[in-house]
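Position in the sequence shown (from 1) plus 4 gives the number in my numbering.
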Amino acid sequence: MKSHSGRGSQMSRQKENNMKIVAGNWKMFKTIEEARTYFAELASATPPQADKVRVIVFPNYIALGALAETGSVPAWVLLGAQDVAAEVEGAFTGEVSPAMIRSTGATHVLIGHSERRHIIGESTVLLHRKLVNSLEASLIPVLCVGETLEERNAGKIEEVVFGQLDTALSDVRLSDGAQLIVAYEPVWAIGTGVNATNEQIEQAHHLIREHLKQLLGTAIGGSVAILYGGSVKPANFASIAGLPSVDGGLIGGASLKPSAFAELIEIAEQV
Ligand code: 13P
């Protein structure tokens, strides 16, 4: 926890003052050594203004634990886990609990990333338990939603995305919109080099915003940050992050190089 003290205050009010969130999802990349080298390089970037940009990096569990120990992460970077167990504790071989994640100093957790839904086969019911238990452990869930190309072509965006939100957030009561982040990641745009158009992003984000208001109430649902993810890179981020409905980006490939990630942070600061 050495390097993470003082970060708690950064966790609240993420949507205030047009704050943008730049989140890097490393997926299954980077050893401990590579993760340390990454942050040593990122540390030389100019820190973003705290009231303009919030930076969150999601390393793998192994690197996450090691980074907490060494204090090598710049103080302006929050850390998160890419997944979490659906249970609190017990005989669940291979799983990592919300409290264990919290004990590294991590503040956020990805829930329902499309690779976990579609490749690992995680069910919506499982994701709901992950979300509830993460909130209970004071982790901020970044709930990922999004449709496949087939679903989009069949006109099922609302059915799919609303269904994902409904199940994950069923019976969830938040006292503050900052307790949750939603990431809209159309499956067909992830790792493909084909990002959604600005119109497609705006349309989906508006639908999600209205649905969040219905589910969580106007004030809370209106203040949950909604990120876009899917083939974000420095070349397209200014136009995406500048959209009124977009509160930031969840970035895979382009977050793996500290120079590109630093560029994305800089862009978010300027939009
Ligand atoms: P890419 O930025 O590599 O398309 O990945 C997006 C993503 O899945 C982030 O969670």
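Here a beta-carbon is modelled for each residue, glycine too, at the ideal position from N, C-alpha and C.
Here the structure is a predicted model, which means the values were calculated and not measured.
Which of helix, strand or coil DSSP assigns to residue i
{"i": "Leu135", "result": "helix"}
{"i": "Gly233", "result": "strand"}
{"i": "Phe241", "result": "helix"}
{"i": "Leu220", "result": "helix"}
{"i": "Asn199", "result": "coil"}
{"i": "Ala187", "result": "strand"}
{"i": "Val113", "result": "strand"}
{"i": "Arg58", "result": "strand"}
{"i": "Pro262", "result": "helix"}
{"i": "Leu68", "result": "helix"}
{"i": "Leu254", "result": "strand"}
{"i": "Leu130", "result": "helix"}
{"i": "Gly125", "result": "coil"}
{"i": "Ala27", "result": "strand"}
{"i": "Leu46", "result": "helix"}
{"i": "Leu147", "result": "strand"}
{"i": "Gln53", "result": "coil"}
{"i": "Gly169", "result": "First, the amino acid is wrong: residue 169 is Leu here, not Gly. Three-state result, Leu169: helix."}
Straight-line gap, residue i to residue j (C-alpha atoms, nearest Å)
{"i": "Phe241", "j": "Thr152", "result": "22 Å"}
{"i": "Asn29", "j": "Gly256", "result": "5 Å"}
{"i": "Ser179", "j": "Val81", "result": "25 Å"}
{"i": "Met23", "j": "His215", "result": "21 Å"}
{"i": "Ile271", "j": "Ile124", "result": "33 Å"}
{"i": "Gly84", "j": "Gly225", "result": "22 Å"}
{"i": "Ile115", "j": "Asp87", "result": "6 Å"}
{"i": "Ser138", "j": "Ala89", "result": "9 Å"}
{"i": "Gly10", "j": "Glu155", "result": "Confidence is the limiting factor: at Gly10 the pLDDT is only 38, short of 50, which leaves the residue's position unreliable and the question unanswerable from this model."}
{"i": "Ile36", "j": "Ala245", "result": "31 Å"}
{"i": "Glu203", "j": "Arg213", "result": "15 Å"}
{"i": "Met104", "j": "Thr222", "result": "33 Å"}
{"i": "Thr111", "j": "Ile144", "result": "6 Å"}
{"i": "Lys34", "j": "Tyr42", "result": "9 Å"}
Buried/exposed call for residue i, threshold 16 Cβ in 10 Å
{"i": "Asn199", "result": "buried"}
{"i": "Ser235", "result": "buried"}
{"i": "Pro190", "result": "buried"}
{"i": "Asn157", "result": "exposed"}
{"i": "Arg177", "result": "exposed"}
{"i": "Met251", "result": "Looking at the sequence provided, one finds Asp at residue 251 rather than Met. Buried, by the Cβ-count rule."}
{"i": "Gln274", "result": "exposed"}
{"i": "Asn186", "result": "Before going further, note that residue 186 is Val rather than Asn in the sequence given. With 16 or more Cβ atoms within 10 Å of its Cβ, Val186 is classed as buried."}
{"i": "Gln53", "result": "exposed"}
For the region 80-107, list the beta strand (DSSP E) runs that are entirely contained and at least 3 residues long, ordered along the chain. 81-85, all fully within the region 80-107.
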